[in-house]
Structures are given as structure tokens and as C-alpha cells.
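K.L.:
Pasting the structure below:
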């Protein structure tokens, strides 16, 4: 358990963001969780609060909109006095899956706002308003190194997160401990919706596409467990301070690229 822990989860109402919030709550962190949909947000906040006995503040916000991430940081600091741990669970842009041929200008602008502008805003807000040094975990995917055709917009843009992590680690060493978490596949509602759209466009069953193009990418022949994901979040939050500006790969060897 962590003492006087304040946490912030962006995209925390469902999927990996929800499980990241559970992980922080299990460490004793009081939380602000941010998402666009009020109903799901309030339901998740209540579930986590009752399950772990911590305070969970739901805050409606959109990572793609200017000022929303900064407001979330300010709200968390004002509510709990400090922010010790942050997890950014971005999700995907609105129209994905879509190929390079199908992508329009607006898709690229949305992706840049969702992944890069929001992260820059997060770092600047923490450095400006937070009263503690925060561990900041950014969720990404092994596909940034091996882009998948239907996810090319997100994969191409969020590849820039590694540069932001290194830059922030060097610029704000006393305020932010950024970590990029490169993930494999997890069976979340968002992942299943994306794969269902891909399967439908190909005239295949969701089960076949999930097995062939997700589970079989790993030599373990399975996707990651959500309990395993939660344990990694807890491990990173409690990891030594020298794990600073690091890239951590947790993909079950789904990717074939050897990260430097």
C-alpha cells in the first residue's frame, strides 16, 4: 500500500483504463478518473470505490480537446493535494479500423490530438501544478513498431510517444517519472469491437480473426490477462526511481521487433 497516494487515470471508465484504475486503487490511491461518457464513468467510479475503499472522483473530459487534460490535473491536485501516479489509456480514434487509403485529414488531426497533444498537455500540467513527483505510465502497443493496416493512423501517430517520454524525462526529472508501456493484446470491449468490424469487413467470424491475428501472434497462443495487466501497473508504480524515461514491453512476444 502507498501512503497519501493520489492517482489520475485518463480514459478510466472501461477497458485497460478501468483496470489501471483498479490497480492504483488496490495500492490505496484515491483517484480521479476521466472519460467522455458520464454514465459509464460514474458506474466505474462507484464500483472501484466500493471495491477498494478509496475515494474515486469521476470527471467528464475528452483527451482530444484543448484544456481538458490540464483541467483534469488541476482537479486531481485540488481534490487530493497531490498526484503520485497517472495512467493514460488513450483508446483509438473514432473511425478506426481504417486503412491508409481510407484515412482522411480529420482522422490524422484527431490522432495527433488524442496521443501527442494530450500527452504534452499532461506533462506540462503536472510540472506546473502538481506538488509531488508523479509516475506517469503511457499505454501503447507493440504495433507501433509493426503497424497493422486497419490501425495505421493510431500506430503511426502514437509511435511519437516514445520521443515525448524521453524528452519529458530529461526536461522534468524532479516532477515527472514517465514510462512508456508497450502492450500486447487484451480482450477488452474496445478491442473486440475493433476486431468485430475487421471481421465483418472480411466476411469472417470474429472468433477466427481473434485467434489467427491476435492470439497466435504470441508463442503463448493467447492474449494477456487483465489481472496480469493490473499487476504490471502496480509493479511500475512501485518500481525504483531510476526506471526513468523507460520503455517497458509487455506483449507476450507478440511483436517480432527487438526493442533497443
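Residue numbers (our numbering): 131 to 390.
Cβ atoms here follow ideal geometry from the backbone N, Cα and C, with glycine treated the same way.
Where do the ends of the beta strand (DSSP E) carrying residue 359 lie?
P.N.:
Taking the first residue of the chain shown as position 1, residue 359 is located at position 229. Counting along the chain, residue 359 falls outside any beta strand (DSSP E), though it belongs to the alpha helix (DSSP H) covering 356-367.
K.L.:
What's the gap between the Cα of residue 159 and the Cα of residue 282?
P.N.:
Working through the chain shown from its first residue, we reach residue 159 at position 29. Working through the chain shown from its first residue, we reach residue 282 at position 152. When rounded, the distance between both Cα atoms is 35 Å.
K.L.:
Measure how close the beta-carbons of residue 391 and residue 260 come, nearest whole angstrom, since I'm counting them as under 8 Å.
P.N.:
Residue 391 cannot be examined here, being either before or after the span of the chain that is shown, 131 to 390.
K.L.:
How many angstroms separate the CA atom of residue 295 from the CA atom of residue 266?
P.N.:
Locating residue 295 in the chain shown gives position 165, where the first residue counts as 1. Locating residue 266 in the chain shown gives position 136, where the first residue counts as 1. So the two alpha carbons sit approximately 9 Å from each other.
K.L.:
Quick one: Cα of residue 376 to Cα of residue 258, how far?
P.N.:
Counting from 1 along the chain shown, the entry for residue 376 is found at position 246. Counting from 1 along the chain shown, the entry for residue 258 is found at position 128. So the alpha carbons of these two residues sit roughly 22 Å apart.
K.L.:
Rounded to the nearest angstrom, how far is the Cβ of residue 310 from that of residue 291, given a contact under 8 Å?
P.N.:
Stepping through the chain shown from its first residue, residue 310 is reached at position 180. Stepping through the chain shown from its first residue, residue 291 is reached at position 161. The Cβ separation is near 6 Å, so the contact holds.
K.L.:
Can you grab the Cα-Cα spacing for the pair residue 144 / residue 187, in whole Å?
P.N.:
Taking the first residue of the chain shown as 1, we reach residue 144 at position 14. Taking the first residue of the chain shown as 1, we reach residue 187 at position 57. Whole-angstrom Cα-Cα distance: 15 Å.
K.L.:
By alpha-carbon positions, which one of 250, 147, 273 ends up nearest to residue 347?
P.N.:
For the purposes of this step, residue 347 is taken as the residue at position 217 of the chain shown. Looking at the Cα atoms, 273 is the closest of the given residues.
K.L.:
Three-state secondary structure (DSSP) at residue 240?
P.N.:
By one-based count along the chain shown, residue 240 stands at place 110. Residue 240: helix per DSSP, three-state reduction.
K.L.:
Considering only residues of the segment 264-298, which uninterrupted alpha helix (DSSP H) runs meet the minimum length of 4 residues and lie entirely inside it, listed in chain order?
P.N.:
282-288
K.L.:
Can at least three beta-carbon pairs, one atom from the segment 159-176 and one from the segment 185-205, be found at a separation below 8 Å?
P.N.:
yes
K.L.:
Quick one, are the C-beta atoms of residue 226 and residue 280 less than 8 Å apart?
P.N.:
Your numbering for residue 226 matches position 96 in the chain shown. Your numbering for residue 280 matches position 150 in the chain shown. Contact: yes.
K.L.:
Do the CB positions of residue 269 and residue 218 come within less than 8 Å of each other?
P.N.:
Numbered from 1 along the chain shown, position 139 holds the residue referred to as residue 269. Numbered from 1 along the chain shown, position 88 holds the residue referred to as residue 218. In this structure, residue 218 lies closer than 8 Å to residue 269 by Cβ.
K.L.:
Specify the secondary structure class of residue 160 as computed by DSSP and reduced to three states.
P.N.:
Here residue 160 refers to the residue found at position 30 when the chain shown is read from its first residue. If DSSP states are grouped into helix, strand and coil, residue 160 belongs with the strands.
K.L.:
Would you kindly report the start and end of the unbroken alpha helix (DSSP H) that includes residue 319?
P.N.:
Counting from 1 along the chain shown, the entry for residue 319 is found at position 189. Segment 319-332, the alpha helix (DSSP H) holding residue 319.
K.L.:
When DSSP labels each residue in this structure, what does residue 378 get in the three-state scheme?
P.N.:
What you label residue 378 is simply residue 248 of the chain shown in a count that begins at 1. When secondary structure is reduced to three states using DSSP, residue 378 falls in the strand class.
K.L.:
Considering only the alpha carbon of each residue, which of 359, 330, 299, 357 lies closest to residue 371?
P.N.:
On the chain shown, residue 371 is found 241 positions in, with the first residue counted as 1. Nearest C-alpha to residue 371: 299.
K.L.:
Would you please state the rounded distance, in angstroms, between the beta carbons of residue 199 and residue 264? I believe it to be under 8 Å.
P.N.:
Position 69 of the chain shown, counting from 1, holds the residue named residue 199. Position 134 of the chain shown, counting from 1, holds the residue named residue 264. With 8 Å as the limit, residue 199 and residue 264 do not qualify as a contact, their Cβ atoms being about 13 Å apart.
K.L.:
Going by Cα to Cα distance, which pick from 365, 233, 209 is closest to residue 150?
P.N.:
By 1-based counting over the chain shown, the position of residue 150 is 20. Measuring from the Cα of residue 150, the nearest candidate turns out to be 365.
K.L.:
Under 8 Å, with one C-beta from each stretch per pair, do the segment 380-389 and the segment 349-362 reach the 3-pair mark?
P.N.:
yes
K.L.:
What whole-angstrom Cβ distance do residue 324 and residue 201 have, given they're in contact under 8 Å?
P.N.:
Start at 1 with the first residue of the chain shown, and residue 324 comes out as number 194. Start at 1 with the first residue of the chain shown, and residue 201 comes out as number 71. About 29 Å; that fails the 8 Å criterion.
K.L.:
Would you call the CB atoms of residue 315 and residue 353 closer than 8 Å?
P.N.:
Sequence index remark: in the chain shown, residue 315 carries index 185 (1-based). Sequence index remark: in the chain shown, residue 353 carries index 223 (1-based). A contact, by the Cβ cut-off of 8 Å.
K.L.:
Tell me which residues share the same chain as residue 392 and place their Cβ nearer than 7 Å to its Cβ, disregarding the 5 neighbours each side in the sequence.
P.N.:
The chain is shown only over 131 to 390; residue 392 falls outside these bounds and no answer can be derived.
K.L.:
Considering Cα atoms alone, identify which of 152, 162, 339, 205 is closest to residue 140.
P.N.:
Here residue 140 is taken as the residue at index 10 of the chain shown, counted from 1. The residue with the shortest Cα to Cα distance from residue 140 is 162.
K.L.:
Helix, strand or coil for residue 137, going by three-state DSSP, please let me know.
P.N.:
What you label residue 137 is simply residue 7 of the chain shown in a count that begins at 1. Three-state result, residue 137: strand.
K.L.:
Can you grab the Cα-Cα spacing for the pair residue 136 / residue 333, in whole Å?
P.N.:
For the purposes of this step, residue 136 is taken as the residue at position 6 of the chain shown. For the purposes of this step, residue 333 is taken as the residue at position 203 of the chain shown. Near 47 Å, if we compare the C-alpha coordinates of residue 333 and residue 136.
K.L.:
According to DSSP, is residue 311 part of a helix, a strand, or is it coil?
P.N.:
Within the chain shown, the letter at position 181 stands for residue 311. Here residue 311 sits in strand by DSSP.
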